[in-house]
Amino acid sequence: MNKFFDNFYNFGGFGPAIEAIQPTDEQLQYYQGILPNNLLEYWKEYGFCGWGSGRLWMVNPKDYQDILTEWLRGTKFEKMQNDGIDSFHVIALDAFGEIYVWGKNSGNSISITSSYGMIFPTFDNEKYVSRGETRSLDLFFSIKTTSEIDLDDINDQPLFERAVEKLGPLENGEIYGFVPALALGGEPKLENLQKVKATEHLAFLADLGEKRVMADIVALSNQLPHNQ
């Protein structure tokens with residue numbers, strides 16, 4: 001375990017892994033040269049699994065590729081894929097369906113807040129090239145905090161621990177989802193949360209309406225005078 005993953009596992013409080021499903025040799029081979037080698041090593045050692053008592057899930061990207069296609073449909077990111085500029089893959093989810101997307105040529109460059117239909121780009125190609133994919137992947141994990149990976153309710157109070165207490169811990173392949181969905185007029189309240197199958201719920205949310213691509217705050221920051 002290198003110092004970055006040790007920071008995630010021990011200092012960050014995400015270890016140990018739970019609900020692990022070991023990848024097959026075919027799954028590992030498929031992503032050789034597509035995703036960082038250290039991510040594949042984490043798959044081999046820990047499996048597709050939950051971290052932080054189920055706050056964060058390391059997933060098989062193939063299970064979510066069609067769902068990601070729907071989320072990116074009609075956006076500039078779909079065009080980037082079609083033009084061969086980049087290819088995007090889901091590498092992780094959080095307990096409430098936040099989708100973490102890895103770009104082969106851009107690293108941790110997109111996150112999707114599925115419950116609100118928001119797509120957040122965070123492209124920084126210069127930094128990604130200087131760090132390399134291995135260091136970039138390590139930093140993706142090491143900077144995570146358990147308090148960050150949560151979702152606030154209508155009163156700005158975190159939901160995760162209360163959801164676990166009320167609904168029970170998540171199993172592999174599950175997330176907590178709002179029913180009715182927020183896009184259909186639901187409210188972000190504990191009583192509206194249910195345990196749902198991640199693939200089905202994320203596909204459902206992707207079909208609900210227009211996605212909002214938010215401002216790329218990294219790109220905007222890089223344009224400020226102090227970064228010139």
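Take 1 as the starting number for the sequence shown in full-length UniProt numbering and just add one per residue. Virtual Cβ for every residue (Gly too), placed ideally from N, Cα, C. Being a predicted model, the structure only gives us computed values, none of them experimental.
Tell me whether A215 is buried or exposed, calling it buried when 16 or more other Cβ atoms sit within 10 Å of its Cβ. Along the sequence shown, one-based indexing puts residue 215 at 215. It counts as exposed.
Can you give me the start and stop residues for the alpha helix (DSSP H) that T69 sits inside? Reading the sequence shown from its first residue, position 69 is the one you call residue 69. Note, T69: alpha helix (DSSP H), Q65 to L72.
Among the candidates A95, N105, S114 and G54, whose CA atom is the shortest distance from the CA of E210? Indexing the sequence shown from 1 puts residue 210 at position 210. Residue S114 is the option with its Cα nearest to E210.
Could you tell me whether the region 54-74 touches the region 162-182, using the rule of 3 or more Cβ pairs below 8 Å? The region 54-74 is in contact with the region 162-182.
Checking 8 Å against the spacing of the C-beta atoms, do N10 and S142 come in under that value? Taking the sequence shown and counting its residues from 1, one reaches residue 10 at position 10. Taking the sequence shown and counting its residues from 1, one reaches residue 142 at position 142. Their beta carbons are not under 8 Å apart, which means N10 does not touch S142 by this criterion.
Is L208 helix, strand or coil by DSSP? Walking along the sequence shown from the start, residue 208 turns up at place 208. Reduced to three states, the DSSP call for L208 is coil.
Whether S109 touches T122 by CB criterion (8 Å): Against the sequence shown, residue 109 aligns to sequence position 109. Against the sequence shown, residue 122 aligns to sequence position 122. Their beta carbons are under 8 Å apart, which means S109 touches T122 by this criterion.
By how many angstroms is the C-alpha of L35 removed from the C-alpha of A95? The sequence position of residue 95 within the sequence shown is 95, counting from 1. The sequence position of residue 35 within the sequence shown is 35, counting from 1. Approximately 23 Å, taken between the alpha carbons.
What number of angstroms, rounded off, separates the C-alpha of L184 from the C-alpha of M118? Position 184 of the sequence shown, counted from the first residue, corresponds to residue 184. Position 118 of the sequence shown, counted from the first residue, corresponds to residue 118. Going from the Cα of L184 to the Cα of M118 covers about 15 Å.
Helix, strand or coil for Q194? Go by DSSP, reduced to three states. Residue numbering aside, residue 194 sits at position 194 when the sequence shown is read from its first letter. When DSSP states are grouped into helix, strand and coil, Q194 belongs to the strand group.
Among the candidates R73, A198 and K3, whose CA atom is the shortest distance from the CA of D63? Residue mapping note: residue 63 aligns to position 63 of the sequence shown, counting from 1. D63 has its Cα closest to that of A198, out of R73, A198 and K3.
Report the CB separation of W71 from I112 in whole angstroms; it is logged as a contact under 8 Å. Counting from one through the sequence shown, the residue named residue 71 turns up at place 71. Counting from one through the sequence shown, the residue named residue 112 turns up at place 112. The Cβ separation is near 6 Å, so the contact holds.
Proximity winner among S53, P23 and G54, relative to L39 (alpha-carbon distances): By 1-based counting over the sequence shown, the position of residue 39 is 39. Of all alpha-carbon atoms in S53, P23 and G54, the one lying nearest the alpha-carbon of L39 is that of P23.
If you pair each beta-carbon of the region 149-160 with each one of the region 90-105, do three or more pairs fall below 8 Å? Flag = yes, the region 149-160 and the region 90-105 touch.
For G52, the three-state DSSP class (helix, strand or coil): Residue 52 sits at position 52 when you count from the first residue of the sequence shown. Helix, per DSSP.
Anyone know if the C-beta pair for G103 and F88 falls short of 8 Å? Taking the sequence shown and counting its residues from 1, one reaches residue 103 at position 103. Taking the sequence shown and counting its residues from 1, one reaches residue 88 at position 88. Between G103 and F88, the C-beta spacing is below 8 Å.
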